[in-house]
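Since the structure comes first, as structure tokens, the remarks are kept for the end.
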Amino acid sequence: MRGALYNGVEGIIGECGGGLSCATCHCYVDAAWTARVGGPSSPAERELLDGAAAEVRPESRLSCQIAMTAHLDGLVVRLPEKQYD
Amino acid sequence: MAIDAANPVPPNFTRCAGADQIPPHVPPELVRSVGLTTGAEFLAAPHAYKAGLHHTQPPIFYDVSPHGNAWQLLRHDDALFALRHPEIFTNEGATPFPRDPDDYFYFIPIEIDPPHHRKYRNIVDPLFSPHGVMKLEAQIRERAKGLLDDFAGDGACEFTTAYGRPLPVCVFLDIMGLPQDMRDTFVEWAVDLLHAPDRETMARAMASITAYLKSAIAEKTAHPDEGVVSRIAHAAPDGVPLSEKEIFGFVCFLFIAGLDTVFATMNNIWLWLAQNPARVEEIIARPGDINAIVEELLRAWSVTFSGRMLAQDYTMRGVEMKAGDRITCVLPACNFDPEAFPNPTAIDFDRPRKTILAFTVGAHSCMGAHLARLEIKVGLEEWLKRIPRFAVRPGAHIEYRPGGVVGPEFVPLMW
Ligand code: HEM
Ligand code: FES
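So, in structure tokens, the structure goes:
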């Protein structure tokens, strides 16, 4: 998420900077990766995801809560059509 | 038109203030003069008053005041929309804080609209990120313990001077790379700048702060270190070093944004804790839920506002606003919007996580939010270890001063 924010990647906003409070960093994890990435990392992430602007799917995550490690090198995520109204 | 931050000029926007300066497009039935941060009801119990606005006022109304007229947005969803559409609601010229017109500078990043805004945030965001501030946690804990050592054995203290102000200042000095011996001076300047009863004291505080920050910037320019002041002084986004005015406007704004807000938040929270011993016990019994607890306390005890100016005509909820009009997102009221937070005045640590507006939203979301959350969390944990039961000193009169950062002036406690 921070990589996207600092480099102006469109489609991911992350306005709270990873504070688990804005839900503007919503992404869909590619089917090939969902097992490795896992679901929401906390009840708070799951609750906040409910407020995301675009459709929430089983593979939805708030990208600021995905800790990037070597294990996830090559990760593919897709971005929703909007992060807020 | 986008401003050039390296070559600041005082804005020439018109400012409407008072009943004789209501633009003709404002419908008379939406005009109020409620004394949002100055009236008697506000001063008696500011947060209860803000919560009550949802019942006493329309969701958007035009407030008239000698300090400036502006549309007031009370609803959570309206504020989210306004704050996330900077092309309609701009920050240029929206910060009323006075400056010397002959030596003008912009407050950075708050007065800069996207896309230029990101260039400034990128300089320091990594230091203020959740990961960046985590490195400070042990140090914040030491600072909190050091302060508590001084008075925990006394059985009483005046909270704001013993803990609510010095703790945030210690942390601020550490992250900025400034010496701890400036602690009491910084407290004094910050209080005088935003709360002095007279303009001369405020101006004198601003002059002292300016002189000190300029010398600190010069010193860090010559001797770089890991602190925020040095980082800003040496920044060169896209290979272009920041100008002197940009560096000063950035460092100076951190002083304005990062001290009084935290003081007020802590002072509000500790006052409530002192009045609600059963809730203190609940907090002590739920150490694993501290993050949710802090978030809920921040929702209920928000202290400040987001001001914007319309860059174009816009109609919201049927209310016609025109370019040049000002708006205020009344964040402490938005956080009590019953549609967003059912039973809003109940402080409930089990609320589902939702966007709160204490730190605003949109591009200008508070840069210090992660640091502030951590300060409050650590400040609370260390306090409760030493002083688990405390109350407001009997007979103490709790007083609020008018102004844009809402918190009690003094909180006399005993245990
Ligand atoms: C509990 C404490 C705090 C509260 C309630 C708070 C609140 C806010 C709010 C509401 C805004 C948005 C203002 C607007 O929309 O016009 C803001 C912006 C900002 N805050 Fe904080 N703040 C706090 C602590 C801090 C700290 C500790 C720092 C830094 C050391 C800081 C630095 C900033 C900066 C730089 C901005 C401007 C961000 C931008 O324009 O991109 N704040 N804060
Ligand atoms: S960046 Fe705000 S929730 Fe992820």
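Residue numbers (my numbering), protein chains in the order written: chain A, 2 to 86; chain B, 84 to 498. Glycine is no exception: its CB is placed at the ideal position from the N, C-alpha and C atoms. Keep in mind that this is a model prediction, so the values were computed, not measured.
For residue i, tell me which candidate among the options has the shortest Cα-Cα distance.
{"i": "Ala128/B", "options": "Leu496/B, Met497/B, Pro107/B, His480/B", "result": "His480/B"}
{"i": "Trp34/A", "options": "Val77/A, Asp86/A, Gly15/A", "result": "Val77/A"}
{"i": "Gly39/A", "options": "Glu48/A, Ala5/A, Leu63/A", "result": "Leu63/A"}
{"i": "Ser43/A", "options": "Leu21/A, Gly75/A, Gly15/A", "result": "Leu21/A"}
{"i": "Arg362/B", "options": "Pro471/B, Pro209/B, Glu175/B", "result": "Pro471/B"}
{"i": "Gly486/B", "options": "Thr120/B, Pro94/B, Asp103/B", "result": "Thr120/B"}
{"i": "Ala357/B", "options": "Thr443/B, Leu261/B, Arg476/B", "result": "Arg476/B"}
{"i": "Pro360/B", "options": "Ser385/B, Leu496/B, Asp103/B", "result": "Leu496/B"}
{"i": "His447/B", "options": "Glu16/A, Arg3/A, Gly12/A", "result": "Glu16/A"}
{"i": "Trp353/B", "options": "His199/B, Ser389/B, Leu380/B, Phe432/B", "result": "Leu380/B"}
{"i": "Pro93/B", "options": "Thr178/B, Arg391/B, Ser389/B", "result": "Thr178/B"}
{"i": "Glu60/A", "options": "Ile13/A, Tyr7/A, Pro41/A", "result": "Pro41/A"}
{"i": "Pro198/B", "options": "Ile86/B, Trp466/B, Thr398/B", "result": "Ile86/B"}
{"i": "Asp232/B", "options": "Ala245/B, Asp267/B, Glu220/B", "result": "Ala245/B"}
{"i": "Tyr145/B", "options": "Gly151/B, Arg115/B, Cys99/B", "result": "Arg115/B"}
Assuming residue i is part of the beta strand (DSSP E), what are its boundary residues?
{"i": "Phe144/B", "result": "143–146"}
{"i": "Thr398/B", "result": "397–399"}
{"i": "Ser61/A", "result": "61–63"}
{"i": "Tyr203/B", "result": "Where Tyr203/B is concerned, there is no enclosing beta strand (DSSP E), although the alpha helix (DSSP H) it sits in stretches over 199–211."}
{"i": "Val30/A", "result": "27–30"}
What I want to know is whether the C-beta of residue i ends up closer than 7 Å to one or more non-hydrogen atoms of ligand 1.
{"i": "Gly341/B", "result": "yes"}
{"i": "Met450/B", "result": "yes"}
{"i": "Gly390/B", "result": "yes"}
{"i": "Thr173/B", "result": "no"}
{"i": "Asp454/B", "result": "It is worth fixing the name first, because residue 454/B is Leu in this sequence and not Asp. Checking the Cβ of Leu454/B against ligand 1 gives yes."}
{"i": "Thr120/B", "result": "no"}
{"i": "Glu438/B", "result": "Note on identity: in this sequence residue 438/B is Thr, with Glu being the wrong assignment. No."}
{"i": "Ala316/B", "result": "no"}
{"i": "Phe336/B", "result": "yes"}
{"i": "Thr243/B", "result": "no"}
{"i": "Ala446/B", "result": "yes"}
{"i": "Arg167/B", "result": "no"}
{"i": "Arg287/B", "result": "no"}
{"i": "Phe255/B", "result": "yes"}
Since residue i sits in a beta bridge, which residues does DSSP pair it with?
{"i": "Gly238/B", "result": "DSSP output for Gly238/B lists no bridge partner at all."}
{"i": "Glu403/B", "result": "Thr398/B"}
{"i": "Val475/B", "result": "Leu496/B"}
{"i": "Thr411/B", "result": "Gln155/B, Gly390/B"}
{"i": "Arg115/B", "result": "Asp146/B"}
{"i": "Arg47/A", "result": "Paired residues: none, contrary to the question."}
{"i": "Val78/A", "result": "Val30/A"}
{"i": "Tyr483/B", "result": "Pro491/B"}
{"i": "Thr173/B", "result": "Met392/B"}
Check for me: the alpha helix (DSSP H) holding residue i runs from which residue to which?
{"i": "Tyr7/A", "result": "3–7"}
{"i": "Leu393/B", "result": "Careful: Leu393/B lies outside any alpha helix (DSSP H), inside the beta strand (DSSP E) at 389–393."}
{"i": "Arg282/B", "result": "282–305"}
{"i": "Pro249/B", "result": "249–259"}
{"i": "Cys335/B", "result": "327–341"}
{"i": "Asp267/B", "result": "266–278"}
{"i": "Ile191/B", "result": "It is not in any alpha helix (DSSP H) - Ile191/B carries neither H nor E in the DSSP assignment."}
{"i": "Ile67/A", "result": "Run containing Ile67/A: none; DSSP gives neither H nor E here."}
{"i": "Asn374/B", "result": "373–383"}
{"i": "Arg456/B", "result": "452–469"}
{"i": "Lys133/B", "result": "129–139"}
{"i": "Ile315/B", "result": "311–316"}
{"i": "Ile360/B", "result": "In the sequence as displayed, the identity of residue 360/B is Pro instead of Ile. Note, Pro360/B: alpha helix (DSSP H), 360–368."}
{"i": "Thr35/A", "result": "35–38"}
Should residue i be counted as a contact of ligand 3 given a C-beta to heavy atom distance under 7 Å?
{"i": "His159/B", "result": "Only ligand 1 and ligand 2 can be found as ligands here, which leaves ligand 3 out of the picture."}
Sorry if obvious, but does the Cβ on residue i come closer than 7 Å to a heavy atom of ligand 2?
{"i": "Glu225/B", "result": "no"}
{"i": "Glu11/A", "result": "no"}
{"i": "Cys28/A", "result": "no"}
{"i": "Leu496/B", "result": "no"}
{"i": "Glu16/A", "result": "yes"}
{"i": "Ala68/A", "result": "no"}
{"i": "Gly20/A", "result": "yes"}
{"i": "Thr443/B", "result": "no"}
{"i": "Ala24/A", "result": "yes"}
{"i": "Cys99/B", "result": "no"}
{"i": "Cys65/A", "result": "yes"}
Does the count of Cβ pairs from the stretch 46–57 of chain A and the stretch 19–27 of chain A closer than 8 Å reach three?
-> When C-beta atoms of the stretch 46–57 of chain A are compared with those of the stretch 19–27 of chain A, three or more pairs fall below 8 Å, so the two segments count as touching.
Can at least three beta-carbon pairs, one atom from the stretch 401–412 of chain B and one from the stretch 102–120 of chain B, be found at a separation below 8 Å?
-> Short answer: they touch.
Looking at C-beta atoms only, is the number of pairs between the stretch 192–200 of chain B and the stretch 290–298 of chain B that lie closer than 8 Å three or more?
-> The stretch 192–200 of chain B makes no contact with the stretch 290–298 of chain B; the number of CB pairs closer than 8 Å stays below 3.
Flag this pair as touching only if the stretch 457–473 of chain B and the stretch 405–417 of chain B have three or more C-beta atom pairs under 8 Å; answer yes or no.
-> Result no; under three Cβ-Cβ pairs closer than 8 Å.
Hey, is the stretch 329–338 of chain B in contact with the stretch 297–311 of chain B, meaning 3+ C-beta pairs nearer than 8 Å?
-> Output reads yes: the stretch 297–311 of chain B touches the stretch 329–338 of chain B.
On the three-pair Cβ rule with 8 Å, is the stretch 267–277 of chain B touching the stretch 211–229 of chain B?
-> By the criterion of at least three beta-carbon pairs nearer than 8 Å, the stretch 267–277 of chain B is not in contact with the stretch 211–229 of chain B.
Any 3 or more C-beta pairs closer than 8 Å across the stretch 250–266 of chain B and the stretch 306–320 of chain B | At 8 Å Cβ cutoff, the stretches touch.
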